[in-house]
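Using our numbering, the first residue of the sequence shown is number 116, and each one after it goes up by one.
From the three backbone atoms N, C-alpha and C, an ideal C-beta is built for every residue, glycine too.
Just so we're clear, the structure is a prediction, and the values are computed from it rather than from any experiment.
Below is one structure; the comments refer to it alone.
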Amino acid sequence: MSNTADLNNLTRTLEEGAKSMGLALSAAQIDKLMAYQALLAKWNKVYNLTALRDPAQMVTHHLLDSLSAVSAFAGAQRVLDVGAGGGLPGIVLAIWAAEAQPQMQITLVDTVSKKTAFLNQVKAQLHLGNVSVLHARVEQLPVEQQYDVITSRAFAELKDFVTWSNHLLQQGGKYIALKGVLPQEEIDRLPAGWKVQQVQPLQVPGLDAERHLIFMERTT
């Protein structure tokens, strides 16, 4: 199969998957998401950003998986993606928000310099003006600005996620953690002063695995 046919198939998978989740993506959004996937695949050969090597799996397991969560960020102004890695969900969220919610600014933080180098490259090549990239440990970030939503995907146990970053959460803000199987034991170990406000199961087209969003907020 030619590269063009491969790309067309991948693009169709993305378009149809998004549509089945009720997301109407523009041609520009689709193009940027596919450009991001191509960059991820290219850099992955050298930097090992993701365990996935198959482009079709990247579309379902990364792009559609991250897109399944974007509606949860409706109305968010300042989002922090902790342990952003290769940019999931932060870059996908930024590509969606640039058109859907232009007021949203997304900050991606990671401790691994090769990952933040990749994120800066994506930001530059895809002209993502709503993205900032920080090479730092989240627990050491100064409170120069706070965020109304802090998110992560496969980053750490919930109690660590909250403990390390809650100084950056503005009053009335919330956490949105992207998880696989419902992490009930992690929920039970949340520190005092925090509660799970909502658990939302996700259906990701083409992904035969459990996915959940965990919404957390302060109790005081």
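Which term fits Ala212, buried or exposed, when burial requires 16 or more other beta carbons within 10 angstroms of its beta carbon?
-> As a working note, residue 212 is residue 97 in the sequence shown. Buried, because 16 or more other Cβ atoms sit within 10 Å of the Cβ of Ala212.
With DSSP run on the structure shown, which of helix, strand or coil describes Met116?
-> Walking along the sequence shown from the start, residue 116 turns up at place 1. Low local confidence applies: a pLDDT of 40 at Met116 is under 50, so the model's placement there is unreliable, with the coordinate-based value given in what follows. Met116: coil per DSSP, three-state reduction.
One or two residues paired with Pro316 in a DSSP bridge = Translated into positions along the sequence shown, residue 316 becomes position 201. Note: Pro316 sits in a beta bridge opposite His327.
List the DSSP bridge partners of Tyr151.
-> Here residue 151 corresponds to residue number 36 of the sequence shown, with the count starting at 1. DSSP lists no partner for Tyr151.
Would you tell me roughly how many angstroms separate the C-alpha atoms of Leu273 and Pro298, rounded to the nearest one?
-> Counting from one through the sequence shown, the residue named residue 273 turns up at place 158. Counting from one through the sequence shown, the residue named residue 298 turns up at place 183. If you take the alpha carbons of Leu273 and Pro298, they lie about 9 Å apart.
For the alpha helix (DSSP H) that Ala239 lies in, which residues bound it at each end?
-> The residue labelled residue 239 in the question sits at position 124 within the sequence shown. From DSSP, the alpha helix (DSSP H) with Ala239 extends over 228-240.
Spatial neighbours of His282 in its chain, beta-carbon cut-off 6 Å, leaving aside the 5 residues before and after = Taking the first residue of the sequence shown as 1, we reach residue 282 at position 167. Contacts found: Val258.
Residues bridged to Val194 [DSSP beta-bridge criterion] | Mapped onto the sequence shown, residue 194 falls at position 79. DSSP, once it has assigned bridges, lists Ile221, Val264 as partnering Val194.
Is Ala271 helix, strand or coil when you go by DSSP?
-> Taking the sequence shown and counting its residues from 1, the one referred to as residue 271 is at position 156. Looking at Ala271 - three-state DSSP - the assignment turns out to be coil, as it is neither helix nor strand.
Going by CA-CA distance only, name the one from Leu241, Ala232, Ala251 that's closest to Asn163.
-> Locating residue 163 in the sequence shown gives position 48, counting from the first residue. Taking only the C-alpha atoms, the option nearest Asn163 is Ala232.
Could you spell out where the alpha helix (DSSP H) holding Gln299 opens and where it closes?
-> Sequence index remark: in the sequence shown, residue 299 carries index 184 (1-based). Its alpha helix (DSSP H) spans residues 299-303.
Name the one or two DSSP bridge partners that Trp211 has.
-> Along the sequence shown, one-based indexing puts residue 211 at 96. Partner(s): none; Trp211 has no beta bridge.
Compute the Euclidean distance between the alpha carbons of Ala171 and Gln312, then round it to the nearest angstrom.
-> Residue 171 sits at position 56 when you count from the first residue of the sequence shown. Residue 312 sits at position 197 when you count from the first residue of the sequence shown. Cα-Cα distance, rounded: 34 Å.
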